[in-house]
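Heads up, the thing below is written out as structure tokens.
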Amino acid sequence: MSERVTLVAYLQAKPGKEPELVDTLLSLVGPTRQEAGCIDYHLHRSNEDPRRFMFYKNWHSKRDLDDHLAQTHLVPLLSRADELLDGEVELEMFTMLSEATD
Numbered sequence: 065m066s067e068r069v070t071l072v073a074y075l076q077a078k079p080g081k082e083p084e085l086v087d088t089l090l091s092l093v094g095p096t097r098q099e100a101g102c103i104d105y106h107l108h109r110s111n112e113d114p115r116r117f118m119f120y121k122n123w124h125s126k127r128d129l130d131d132h133l134a135q136t137h138l139v140p141l142l143s144r145a146d147e148l149l150d151g152e153v154e155l156e157m158f159t160m161l162s163e164a165t166d
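The sequence shown begins at 65 in the numbering used here and counts up by one.
This is the structure in structure tokens:
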């Protein structure tokens, strides 16, 4: 069995761009959950900072995650990053040690 991986991504909306960013980020959830290798994919908003968002993503393998990052349904976010995001996307990768519940 492949080593399962988790990616945590933090995004900061530009002031006033929160509604557009939320719509864009939510549009990624359905298609991503349908991808081969996706265990789960969840979008969160910070309770302390309404402009800060976090994706929590679990994948069956690093290859599945790499395939995800090349998907065309990410284009709406990537093509508007300069307009919607305040700074770079922060990424942190983890290796899943506990068993997934899928």
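Using N, Cα and C, we set each Cβ at its ideal position, and we do this for glycine too.
{"Check": "The region 72-81 in contact with the region 98-109 per 3-pair CB rule at 8 Å", "Outcome": "no"}
{"Check": "Beta carbon of residue 137 nearer than 7 Å to that of residue 95", "Outcome": "yes"}
{"Check": "Status (buried if at least 16 other CB within 10 Å, exposed otherwise) for residue 105", "Outcome": "buried"}
{"Check": "Under the three-state DSSP convention, the category residue 146 falls into", "Outcome": "helix"}
{"Check": "Where residue 158 falls, given that 16 or more other Cβ within 10 Å makes a residue buried", "Outcome": "exposed"}
{"Check": "DSSP state of residue 126 mapped onto helix, strand, coil", "Outcome": "helix"}
{"Check": "Own chain residues within Cβ distance below 8 Å of residue 70, not counting five before or after", "Outcome": "120, 121, 122, 123, 157, 158, 159, 160"}
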